[in-house]
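Student: Those protein sequences? They're chains A and B, same order as listed. My numbering numbers the first residue of the first sequence as 1 and each following residue consecutively. My numbering numbers the first residue of the second sequence as 1001 and each following residue consecutively.
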Amino acid sequence: GNSVTQMEGPVTLSEEAFLTINCTYTATGYPSLFWYVQYPGEGLQLLLKATKADDKGSNKGFEATYRKETTSFHLEKGSVQVSDSAVYFCALGGKLIFGQGTELSVKP
Amino acid sequence: DTAVSQTPKYLVTQMGNDKSIKCEQNLGHDTMYWYKQDSKKFLKIMFSYNNKELIINETVPNRFSPKSPDKAHLNLHINSLELGDSAVYFCASSQVQGGKGNEKLFFGSGTQLSVL
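1) Which of helix, strand or coil does DSSP assign to glycine 1164 (chain B)?
2) Have a look at tyrosine 1089 (chain B) and alanine 64 (chain A) and give me their C-alpha separation to the nearest angstrom.
3) Since lysine 49 (chain A) is in the beta strand (DSSP E), which residue starts that stretch and which ends it?
4) DSSP on valine 11 (chain A), reduced to helix/strand/coil?
5) Exposed or buried, which one is valine 82 (chain A) when buried takes at least 16 other CB atoms within 10 Å?
6) For glutamate 8 (chain A), decide whether its Cβ has a neighbour in chain B, counting only Cβ atoms nearer than 7 angstroms.
7) With a threshold of 16 other CB atoms inside 10 Å of the CB of leucine 39 (chain A), please say whether the residue is buried or exposed.
8) Which term fits lysine 77 (chain A), buried or exposed, when burial requires 16 or more other beta carbons within 10 angstroms of its beta carbon?
9) How would you write the range of the beta strand (DSSP E) that serine 1065 (chain B) sits in, first residue to last?
10) So, leucine 1043 (chain B) versus threonine 1111 (chain B), is the Cβ gap smaller than 7 angstroms?
11) Beta-carbon separation of glutamate 1024 (chain B) and alanine 1092 (chain B) under 7 angstroms?
12) Count the C-beta pairs between the segment 1055-1072 of chain B and the segment 61-75 of chain A that are closer than 8 angstroms, then say yes if the count reaches three, no if not.
13) Report all residues from its chain with a CB closer than 6 angstroms to the CB of phenylalanine 89 (chain A); omit the five preceding and five following residues, and keep chain order.
14) Are the C-beta atoms of isoleucine 1021 (chain B) and some chain A residue less than 7 angstroms apart?
15) Which runs of the beta strand (DSSP E) fall wholly inside the segment 1023-1048 of chain B and span at least 3 residues, in chain order?
16) Of the residues that make up the segment 14-43 of chain A, which ones have a beta carbon closer than 9 angstroms to any beta carbon in chain B?
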């Protein structure tokens, strides 16, 4: 069946460091792919999405590219800020399957 | 004005009790969901309704019963609460029906359920 696997956290970075959070998926067909972010004490909110192969989603300095050949949708940001500290979820459209979440902590 | 609101935010109760969590969305969406998030942040879908009709029903104990009086509301009733039910429960809604592959979900802020 469909599934999503994310790299395990927590990930701890210093401010202005480069961020990569890996996400790979298994799916039939070509569902949309999403990254959601959950700030402490809040519900999830959509960060970015891509609807087809080679699409790049971007928002707030974060980017992810839908790679069909490697079945991946890795999240990247060139320079993280303390305010980016949150839990990040990769998700597969269709039956809306979420990865296990990756906690990011950014230190000043 | 909150798009997806759920109440209560915190719910502490004894084992064996029956409790309900309410959810309302004012976005005009046709589809609503309940998710359970465990202590390790793992998020799992429980139910999905489209226009008051159940479309996703994952392997959830039948002590959990969703009720959708209209498409703007999806309440979750839990009978005979158990320790393992302790978690954060999130309500969500979307414009596109779950399963169509292009949906963006709007989440409520969660209900933290603690069963003692």
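The C-beta atom is built at its ideal place from N, Cα and C for all residues, glycine as well.
Tutor: Judging by the given coordinates:
1) Outside the shown range of chain B (1001 to 1116) lies residue 1164 (chain B), about which nothing can therefore be said.
2) Taking the second sequence and counting its residues from 1, one reaches residue 1089 (chain B) at position 89. Taking the first sequence and counting its residues from 1, one reaches residue 64 (chain A) at position 64. Their backbone Cα atoms lie some 28 angstroms apart in a straight line.
3) Sequence index remark: in the first sequence, residue 49 (chain A) carries index 49 (1-based). Per DSSP, lysine 49 (chain A) belongs to the beta strand (DSSP E) from 44-50.
4) For the purposes of this step, residue 11 (chain A) is taken as the residue at position 11 of the first sequence. Strand, per DSSP.
5) Here residue 82 (chain A) refers to the residue found at position 82 of the first sequence. Exposed.
6) Translated into the one-based positions of the first sequence, residue 8 (chain A) becomes position 8. It does not; no Cβ of chain B falls within 7 angstroms.
7) Looking up residue 39 (chain A) in the first sequence gives position 39. At residue 39 (chain A) the sequence reads tyrosine, which differs from the leucine that was named. The residue in question, tyrosine 39 (chain A), is exposed, as its Cβ has fewer than 16 Cβ neighbours within 10 Å.
8) Numbered from 1 along the first sequence, position 77 holds the residue referred to as residue 77 (chain A). Burial call: buried.
9) One-based indexing of the second sequence puts residue 1065 (chain B) at position 65. Serine 1065 (chain B) -> beta strand (DSSP E) spans 1064-1070.
10) For the purposes of this step, residue 1043 (chain B) is identified with residue 43 of the second sequence, where counting begins at 1. For the purposes of this step, residue 1111 (chain B) is identified with residue 111 of the second sequence, where counting begins at 1. Against a cut-off of 7 angstroms, the Cβ pair of threonine 1111 (chain B) and leucine 1043 (chain B) comes out as no contact.
11) Within the second sequence, numbered from 1, the residue matching residue 1024 (chain B) stands at position 24. Within the second sequence, numbered from 1, the residue matching residue 1092 (chain B) stands at position 92. Not a contact, by the Cβ cut-off of 7 angstroms.
12) no
13) Counting from 1 along the first sequence, the entry for residue 89 (chain A) is found at position 89. Contacts found: Tyr36, Phe98, Gly99, Gly101.
14) Along the second sequence, read from residue 1 onward, the residue named residue 1021 (chain B) stands at position 21. False, the Cβ-Cβ gap to chain A never drops below 7 angstroms.
15) 1031-1037
16) Gly29, Tyr30, Pro31, Ser32, Phe34, Tyr36, Gln38, Gly41, Glu42, Gly43
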